[in-house]
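Working notes for the structure below.
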Amino acid sequence: MPVLDNNPAMTSIENEMKLREAFSQVLSIPPESITDEVAYEKTEAWDSVAHMALVAAIDIAFNIMMDTDDVLDMSSFGKAKEILQKYGVAV
Amino acid sequence: MLLGDKIVWITGASRGIGRATAIEAAKNGARVVLSARSERGLSETATQVRALTATEPEIIALDVSDPRAIKEACKQLLARLKRLDVLVNNAGVLKEALIGMIADAQVEEIMRTNAYSVIHMTQCAARLMMRQNSGAIVNVTSMLARTGGEGTLAYAASKAAIIGATKSAARELAPHGIRVNAVAPGVIKTDLIAHLPEARLQEYQCAIKMGRLGEPHEVAHVIVFLASDLASYVTGQVVGVDGGMCI
């Protein structure tokens, strides 16, 4: 199981805020501008280098280690939320 | 202490250069994580590390030719130790055969163990090191990657692949504070050359400017240097450790 030590008590709203914060910091976008449609290579700052930084930020934020298939599949903020659920993160 | 408090993961740690690296790293203050297929060999390395350094190594049995096992090992390491500072990609196999006599299965085994493993291990290690924006990866290639050698078509190709991987990874990971270098040992006294006839070893010895074969710890010293902060401005380099055989 890929989840290492998650906190099950975190609510989905808190988790979404945490995810939004990670996106905001890495992509330098205000949190309120991050919607499900913010997408890889469509959002200016989200290039391949930023993608890896984003993965690292999400790994740290949720104490997980995403599989490579999920790293490749994480094409938008909406998709990131979907993927996190596979790791037991309610979002 | 060159590696004080650093978590250093060494593959192929059950013998030879891997074992020597584990001992030298631990002597330099590292907390070593030992991986290899042979649990017996790992246990022997662990015993030597304990005896010589009074530190307790972590053991993660791993067949580096299996990418899924690498991912699991990475997760284990993260769960147990929470971080990774240094990866030494040392695991490798040497199988010699003349060009017309290399079985497909042998090519596959050599490439999987020596080359693909470095790619997969680098992927996983980089993910862990990017969390702290620092780290060092040291790959063990071979002098044969530069010179080639009769009977080593697949082996030399697999080791040359490591040089390409080292340079590409160094370029890509430098912005994340991760350095990637390689050592290219010459003829070192390990199990890998134990099967060679005396006449061949004599031939090698004549070609070595320093007039003797290398010792595993002499390679380990260079690995420890490249892994340490003393090499803080060194990345993408391949350092020969061959007594002047390849100049």
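Residue numbers (this note's numbering), protein chains in the order written: chain A, 34 to 124; chain B, 181 to 427. Cβ coordinates follow ideal geometry from the N, Cα and C atoms, glycine included.
> Can you find a C-beta in chain B that's less than 8 Å from the C-beta of A:Thr44?
Replying inline: no
> B:Asn294 lies in the beta strand (DSSP E); which residues open and close that run?
Replying inline: Counting along the chain, B:Asn294 falls outside any beta strand (DSSP E), and DSSP gives it neither H nor E.
> Which residues bound the alpha helix (DSSP H) around B:Glu208?
Replying inline: With the sequence shown as reference, residue 208 of chain B is identified as Asn, and Glu is not the correct amino acid for it. From DSSP, B:Asn208 is part of no alpha helix (DSSP H); its letter is neither H nor E.
> Are the C-beta atoms of B:Cys386 and some chain A residue less than 8 Å apart?
Replying inline: For B:Cys386, no Cβ of chain A is located within less than 8 Å of the residue's own Cβ.
>> Between the alpha carbons of B:Ala306 and A:Asp92, how many angstroms are there, rounded?
In response: 13 Å
> Going along chain B in order, which residues have a C-beta closer than 8 Å to the C-beta of A:Asp100?
Replying inline: Lys251
> Quick one: which chain B residues come within Cβ less than 8 Å of A:Asp92?
Replying inline: The contacting residues are Arg307, Arg311.
> From the beta carbon of A:Ala89, is the nearest beta carbon of chain B less than 8 Å away?
Replying inline: With 8 Å as the cut-off, A:Ala89 counts as an interface residue toward chain B.
> Out of A:Val122, A:Asp102, A:Asn96, A:Met107, which has the shortest C-alpha to C-alpha gap to A:Trp79?
Replying inline: Its Cα nearest to that of A:Trp79, the residue A:Met107 stands out among A:Val122, A:Asp102, A:Asn96, A:Met107.
>> Residues of chain B with CB closer than 7 Å to the CB of A:Met85, please, in chain order.
In response: Met310
> At which residues does the beta strand (DSSP E) containing B:Asn269 begin and terminate?
Replying inline: 266-269
> Going by C-alpha distance, which of A:His84, A:Glu65, A:Ser61, A:Leu60 is nearest A:Met50?
Replying inline: Residue nearest to A:Met50 within the set A:His84, A:Glu65, A:Ser61, A:Leu60 is A:Glu65 (criterion: CA-CA distance).
>> Suppose the cutoff is 6 Å on Cβ atoms and the five residues either side in sequence are ignored; what does the same chain contact list for B:Ser338 look like?
In response: Exclusion of the five residues before and after B:Ser338 leaves Ile290, Met291, Asn294, Ala295 as the residues of its chain whose Cβ lies within less than 6 Å of its Cβ.
>> 8 Å is my cut-off, CB to CB: does B:Leu242 come that close to chain A?
In response: no
>> For a cutoff of 8 Å on Cβ pairs, would you count B:Leu278 as touching chain A?
In response: no
> Can you tell me whether B:Pro355 is buried or exposed, with buried defined as 16 or more other CB within 10 angstroms of its CB?
Replying inline: By the neighbour-count rule (16 or more Cβ atoms within 10 Å), B:Pro355 is not buried but exposed.
> When you compare only the Cα positions, how much space is there between B:Thr390 and B:Leu274?
Replying inline: Note that residue 390 of chain B is Met in the sequence shown here, rather than Thr. About 24 Å.
> Around the C-beta of A:Met34, are 16 or more other C-beta atoms found within 10 angstroms, so that it is buried, or is it exposed?
Replying inline: Confidence at A:Met34 is low in this model, with a pLDDT of 42, below 50, so its placement is unreliable and the value that follows should be read with caution. Under this definition A:Met34 is an exposed residue.
>> Rounded to the nearest angstrom, what separates B:Ile197 and B:Tyr413 at their Cα positions?
In response: 24 Å
> How about B:Leu264 and B:Met309: do their beta carbons lie closer than 8 Å?
Replying inline: yes
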